[in-house]
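Engineer: Numbering (my numbering), first residue to last: 2 to 283.
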């Protein structure tokens with residue numbers, strides 16, 4: 002026990018002196034990484050930190066275990082596509098999901114922020130013989146740029162991930178197949194969002210060929226010719242018709258042309274695109 006009025010408080014300063022020096026503006030700016038690392042290291046030598054760590058890390062560890070234990074560590078494959086997207090395929094085990102849902106992925110790869118989870122929209126449906134989550138990611142700077150670099154190095158090589166979810170969805174009671182007319186609009190890198198919806202409709206058509214379950218219109222707006230060609234080839238593989246147009250799409254006109262507007266007709270319009278295009282739909 003030390004008392005500042007008795008002049009013995011300076012005995013406690015010996016562990017803080019060098020941190021005080023490193024906190025001086027010019028020194029901190031010049032050696033910021035050392036300044037940051039020494040603060041974390043020195044925190045271990047303070048008595049009150051022990052209680053702080055226990056109070057924080059025990060519930061954090063329990064919550065983390067509870068979140069990821071149901072799925073466990075899952076194998077994944079990273080692949081760089083010619084259109085510039087990173088394709089991620091994750092073995093989902095027994096997990097079930099619906100079109101429009103997303104999960105939080107944590108990549109157990111060195112230098113990949115393994116303690117941070119990132120949200121990704123699922124771009125596939127459950128297959129009868131394999132249960133794989135597929136994601137398409139447009140690389141930018143930071144985390145997604147690192148993903149692209151790893152995908153190029155591994156060239157389809159394996160990785161390990163943790164995932165949390167699925168969450169969200171399209172907001173319908175069941176699926177989009179319950180509507181008479183269905184329109185899906187996607188913009189930019191949101192192209193993968195449409196695939197599980199298309200697959201869901203095609204599967205329904207396989208068991209019900211009525212007009213109600215067969216009408217689906219998709220609009221993809223992208224500035225990239227490579228993405229447009231890749232998307233068209235993917236749809237052609239499923240024997241679906243496509244058409245190319247140039248310029249900014251007239252979304253109100255597109256919706257009007259592809260909906261009857263009769264009172265007895267139920268219409269579903271699903272949009273996943275930048276806010277600038279979303280205002281055109283609303």
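Where is the CB? At the ideal position from N, CA and C, for every residue including glycine.
1. Is residue 243 near residue 252, with beta carbons less than 8 Å apart?
2. In this structure, does DSSP put residue 282 in helix, strand or coil?
3. Cα-Cα, which of 185, 114, 207, 133 is closest to residue 88?
4. Over the uninterrupted alpha helix (DSSP H) stretch that includes residue 147, give me the two end residues.
5. Is the beta carbon of residue 100 less than 8 Å from the beta carbon of residue 184?
6. Under 8 Å between the Cβ atoms of residue 108 and residue 74?
7. Throw me the rounded Cβ distance for the residue 205 and residue 178 pair, which I believe falls under 8 Å.
8. Under the three-state reduction of DSSP, which class applies to residue 239: helix, strand or coil?
9. Check residue 271 in the structure and name its three-state DSSP category.
10. Measure the alpha-carbon distance for residue 23 versus residue 36 and round it to whole angstroms.
11. Alpha carbon to alpha carbon, how far is residue 274 from residue 280? Give it in angstroms, no decimals.
12. Assuming contact is defined by CB atoms lying nearer than 8 Å, are residue 271 and residue 223 in contact in what I supplied?
13. On the criterion of 16 or more Cβ atoms from any shown chain inside 10 Å, does residue 241 qualify as buried, or is it exposed?
14. Going by alpha carbons, who is nearest to residue 118 out of 265, 83, 165, 55?
15. Quick one, which of 260, 112, 135 has its alpha-carbon nearest residue 219's?
Structural biologist: According to the data block:
1. no
2. If DSSP states are grouped into helix, strand and coil, residue 282 belongs with the helices.
3. Selection 185, 114, 207, 133 evaluated against residue 88 yields 133 as nearest (Cα-Cα).
4. Start and end: 144-155.
5. The Cβ atoms of residue 100 and residue 184 lie no closer than 8 Å to each other.
6. no
7. 4 Å
8. If DSSP states are grouped into helix, strand and coil, residue 239 belongs with coil.
9. strand
10. Their backbone Cα atoms lie some 6 Å apart in a straight line.
11. 10 Å
12. Not closer than 8 Å, so no.
13. exposed
14. 165
15. 260
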